[in-house]
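Some notes on the structure that comes next.
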Amino acid sequence: MFRYFEKLVDPFAPRPRTKPPATYMAFLREEIAPFRRVVPFLIAAGVLIAAIETGLIFYGGYLIDVMSESGPDTFLSRHGFILLLVALGVVFLRPFAIGVQHLLLEQTLAGNVQEQVRWRAHSWLLGQSSSFFQNDFAGRLSNRVMQLGQATEDSLYMVFEALVFALAYIVVAVVLLAELDLRLAVPLVVWAVVYVLYVRYIARRVAVASEKHSDARSRTTGRIVDAYANIETVKLFSYGGREQRFALTSLRRLRLNLQRFLRLMTELAFGLNALNGLLIVGLVGPAIWLWLDDQMTIGAVAAALTLTNRLNGMSGWIMWIVIRLFEQSGVIREGLRSVAVAQTVTDKEDAKELAVAGGEIRFQNLSHHYGKENGGLDGIDLTIKAGERVGLVGRSGAGKSTLVNLLLRFRDAEEGNILIDGQDISAVTQDSLRRNIGMVTQDSSLLHRSVRANLLYGRPDASEEMMVAAAKQAAAHDFILELRDQNMRVGYDAFVGERGVKLSGGQRQRVAIARVILKDAPILILDEATSALDSEVEAAIQDTLYSVMEGKTVIAIAHRLSTLARMDRIVVLDAGRVIETGSHAELVSQGGLYADLWNRQSGGFLAST
Ligand SMILES: Nc1ncnc2c1ncn2[C@@H]1O[C@H](COP(=O)(O)OP(=O)(O)OP(=O)(O)O)[C@@H](O)[C@H]1O
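For the sequence shown, my numbering assigns the number -4 to the initial residue and increments by one for each residue that follows.
Right, dumping it as structure tokens:
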């Protein structure tokens, strides 16, 4: 039975890739949408339970009156049947209604909506551009994704468990009181109105305080995660507890925000109880007065008394629920600041798959200044022929990585186009673009998964033999076989640590090279791909890389010019512009920047060619 209710909704069902709504209500509406079949039943169950509860109170008053009127002799014959019906209702109907309500609340709603929100938010964030992630803490983003799920679940749960019940309770209570005497319904209506206004006043302040508190919490998480993720830099440079002080500033702000929030709680406790005092006096007073005047029975007074007691207890609970609701609305708003952000690099609606025949790459009037006046790239016109191997050279900051990042569409260029085999990369799907490009970087980070999972990342369908062959080509097979992690997984099954930290830089680079060999994409980008290798391994891998380059279009970035020995052409960038292009020999004889850089590097391939 549980499983039936748990499976009523599929939280991971595919959905259109649109930006999550940025406002609180629209967001909740969207998240509740998959549950729309269930909502009427949830509301019906809440109303039924409230009607039974209030009905019982008034029935209690009625029972007192019947008992005092009829006495023990005639009580059962006059009233036995109704009593039996009520007893059956209490024993069967009430638990049944509450049971169904909770199956829908816990199994269907709470059990699914949290992960639904997180899954959707995470999927959306994965589609954000690199600059989005560069501008934020990974810790803060993940905190927001996790909190968003929790807060949404909490909010919807409270609405359907408590608010529906409370609303129905007060409406039924007003109706039944009016049945007894219209004058008794008036104080309850007045109280309910003042109560709602007061709750609104407090809750709004709670929402603001909660958003600030939640923001401070995410910021603190961001700082803490950032410190852990860069623990070596912290240890190297953070003398005299500087990092601790940095975290302390955040924690102080967090505490201040929490204190502001808690002040509201105290204010609330006082205001609420003052209001409840007025309800007790306002409802029971008139009831006694009506009884004195012989206009009301003892049973009715007893019912009014029980009702006020119950409302008294319930109002605190509801207030708490409403406060939590607004608190969670603050958390949701804060989360949406990261999650409901439009993606800047997106596939066009009619985006096609990139079809690579030869792999010609053409940069046309390409400029990108990272939103600034200058820096980055400035009017690049460059064509790399199909199958050509080009070495990209330039001083640090010349724009080499920018060019590659634009080619990979990690960002969209501010001006100009990039064409691969005549197809503008902004008009094809990002998946198909990146599927056709293999890349090894200076610091290829690996995912904290097994070596096998990392190798197969670019080609999940590769066979074991293909994978091992690629590892052997990259001179990685032998050291992989010797790997062992703390969970005693060995070889290709061993985990590599976050970002691959458990491997040496050279080992990481070899796994990255094996991964690219396995991926076998027609375009290859090598960004200081062998920089972490010792010269012996590097020489071996260079040979492998050259054989891998066969038939591919290659862009190789290197500071050590000797590694570009066998490139077809060298392109020199400076301050975001192409300033020289030609073969090594041509450029050396030109006596420009390249010749300058070359002369400063001792050794080199001139001797060996
Ligand atoms: N995310 C960014 N936001 C703003 N400016 C950036 C960003 N990345 C790079 N830049 C700027 O763009 C220019 C080119 O940087 P890029 O990283 O492309 O140079 P590079 O030639 O690859 O340098 P290196 O050889 O040191 O890796 C630099 O002035 C740099 O400050």
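Even for Gly, the Cβ is constructed at its ideal location relative to N, Cα and C. None of these values were measured; they are calculated from a predicted model.
Looking at the secondary structure, which residues open and close the beta strand (DSSP E) in which Asp522 lies?
518 to 522 is the extent of the beta strand (DSSP E) around Asp522.
field: Helix, strand or coil at His554 according to DSSP, with G and I counted as helix
entry: Reduced to three states, the DSSP call for His554 is coil.
* Asked: Under the three-state reduction of DSSP, which class applies to Ser362: helix, strand or coil?
  -> The answer is strand: DSSP assigns Ser362 an E or B state.
Among Glu238, Tyr19, Tyr(-1), Ala157, nearest to Ser324 - alpha-carbon criterion: Checked all of Glu238, Tyr19, Tyr(-1), Ala157; the closest Cα to Ser324 is Tyr19.
Practice task
Output the residue ranges of the beta strand (DSSP E) runs that lie fully inside the segment 65 to 141 and measure 3 residues or longer, sorted by chain position.
Solution key: You should have found no qualifying run.
| task | Determine the contact status of Glu26 and Thr147, defining contact as a CB-CB distance below 7 Å. | result | It is a contact, given that the beta carbons lie within the stated cut-off.
With the cut-off set at 7 Å, would you say Ile565 and Val435 are in Cβ contact?
In this structure, Ile565 sits away from Val435, with a CB-CB distance that is not shorter than 7 Å.
Using 10 angstroms around the beta-carbon of Val189, count the other beta-carbons present and answer buried if the total reaches 16, otherwise exposed.
Counting Cβ neighbours within 10 Å, Val189 comes out exposed, since fewer than 16 surround it.
Check: Hey, is Thr397 close to ligand 1, as in C-beta under 6 Å from one of its heavy atoms?
Finding: Yes, the beta carbon of Thr397 sits closer than 6 Å to at least one heavy atom of ligand 1.
Check your understanding: Just to confirm, does Tyr365 get its C-beta within under 6 Å of one of the non-hydrogen atoms of ligand 1?
Key -> Indeed, a heavy atom of ligand 1 lies less than 6 Å from the Cβ.
For a quick check, are the C-beta atoms of Leu521 and Ala560 less than 7 Å apart? At a Cβ-Cβ threshold of 7 Å, Leu521 and Ala560 do not count as neighbours.
Next on the checklist: Taking the alpha carbon of Ala187 as the reference point, which residue from Glu174, Leu270, Ser205, Ala422 has its own alpha carbon closest?
Outcome noted: Ranked by how close their Cα comes to the Cα of Ala187, the residues Glu174, Leu270, Ser205, Ala422 have Leu270 in first place.
| Would the beta-carbon of Gln102 fall within 7 Å of that of Phe(-3)? | For the pair Gln102 and Phe(-3), the CB atoms are nearer than the 7 Å cut-off.
- Task: Tell me whether Ser526 counts as near ligand 3, meaning its Cβ is closer than 6 Å to at least one heavy atom of that ligand.
- Result: Of the ligands one can find in the structure shown, namely ligand 1, none is ligand 3.
Margin query: Can you give me the C-alpha to C-alpha distance between Gly84 and Ile318, rounded to a whole angstrom?
Written below: Answer to the nearest angstrom: the Cα atoms are 33 Å apart.
Check your understanding: CA-CA distance, Thr244 and Gln254?
Key -> Thr244 and Gln254 have their alpha carbons spaced roughly 15 Å apart.
Contact test: Gly392 Cβ vs ligand 1 heavy atom, cutoff 6 Å:
True, at least one ligand heavy atom lies under 6 Å from that Cβ.
Through-space distance from Gln109 to Glu1, alpha-carbon basis: Approximately 13 Å between the Cα atoms of the pair.
Requested in this report: Take the Cβ of Glu322 as the centre, count every other Cβ of all protein chains shown within 10 Å, and call the residue buried at 16 or more, exposed below.
Outcome: By the beta-carbon neighbour count (other beta carbons within 10 angstroms, threshold 16), Glu322 is buried.
* Asked: Excluding sequence positions up to five away, which residues of its chain have a Cβ less than 8 Å from the Cβ of Ala299?
  -> These residues qualify, in order along the chain: Gly56, Leu172, Leu175, Leu179, Leu278, Val279, Ala282.
Exercise. Would you decide whether Leu177 is buried or exposed? Buried here means 16 or more other CB atoms lie within 10 Å of its CB.
Key: Flag for Leu177 reads exposed.
When the Cα atoms are used, what is the spatial distance from Ala92 to Leu43? Within the model, the alpha-carbon separation for Ala92 versus Leu43 is close to 7 Å.
Which word fits Ala352, buried or exposed, when buried means at least 16 other C-beta atoms lie within 10 angstroms of its C-beta?
Counting the other Cβ atoms within 10 Å of the Cβ of Ala352 gives fewer than 16, which makes it exposed.
*Under 6 Å from any heavy atom of ligand 1, does the C-beta of Asp389 make it?*
The sequence given here places Gly at residue 389; Asp does not occur at that position. Answer for Gly389: yes, Cβ within range of ligand 1.
* Asked: Thinking just about the alpha-carbon of each residue, which of Asp60, Phe87, Glu48, Leu104 is nearest to the one in Tyr(-1)?
  -> Of Asp60, Phe87, Glu48, Leu104, the residue nearest in Cα terms is Leu104.
Q.
Helix, strand or coil, according to DSSP, for Ser603 in the structure here?
A. Bear in mind that a pLDDT of 39 at Ser603, under 50, signals an unreliable position, so the number given afterwards is only what the model happens to contain. In the structure shown, Ser603 sits in a helix (DSSP, three-state: H, G or I).
Q.
Tell me the rounded alpha-carbon separation between Lys395 and Gln359.
A. Just so you know, the alpha carbons of Lys395 and Gln359 end up roughly 16 Å apart.
Check: Does the pairing of the segment 502 to 511 with the segment 460 to 470 give three or more beta-carbon distances under 8 Å?
Finding: Enough Cβ pairs lie closer than 8 Å, so yes.
With respect to the alpha helix (DSSP H) encompassing Ile327, which residues constitute its N-terminal and C-terminal limits? 293 to 334 is the span of the alpha helix (DSSP H), which, as asked, contains Ile327.
Q. Using a Cβ-Cβ cut-off of 6 Å (strictly less than) and excluding sequence neighbours within five positions of Gly586, which residues of its own chain qualify?
A. Cβ within range, chain order: n/a, list empty.
Problem - Length of the line joining the Cα atoms of Asn400 and Leu263 - result: Their Cα atoms are separated by approximately 54 Å.
For this session: Would you list, in sequence order, the uninterrupted alpha helix (DSSP H) runs of no fewer than 4 residues that lie entirely inside the segment 225 to 286?
Result: The DSSP assignment places complete alpha helix (DSSP H) segments of no fewer than 4 residues inside the segment 225 to 286 at 226 to 232, in order along the chain.
Exercise. Got a sec? Which residues, its chain only, sit under 6 Å from Asp5 by beta carbon, not counting five neighbours each side?
Worked result: Exclusion of the five residues before and after Asp5 leaves no residue of its chain whose Cβ lies closer than 6 Å to its Cβ.
Please report the distance separating the alpha-carbon of Pro11 from that of Arg200. One alpha carbon belongs to Pro11, the other to Arg200, and they sit about 35 Å apart.
For the structure I just gave you, are there three or more beta carbon pairs, one from the segment 415 to 428 and one from the segment 337 to 355, closer than 8 Å? The segment 415 to 428 vs the segment 337 to 355: in contact.
- Roughly how many angstroms lie between the CA atoms of Gly144 and Tyr152, to the nearest whole one? One Cα belongs to Gly144, the other to Tyr152, and the distance between them is close to 12 Å.
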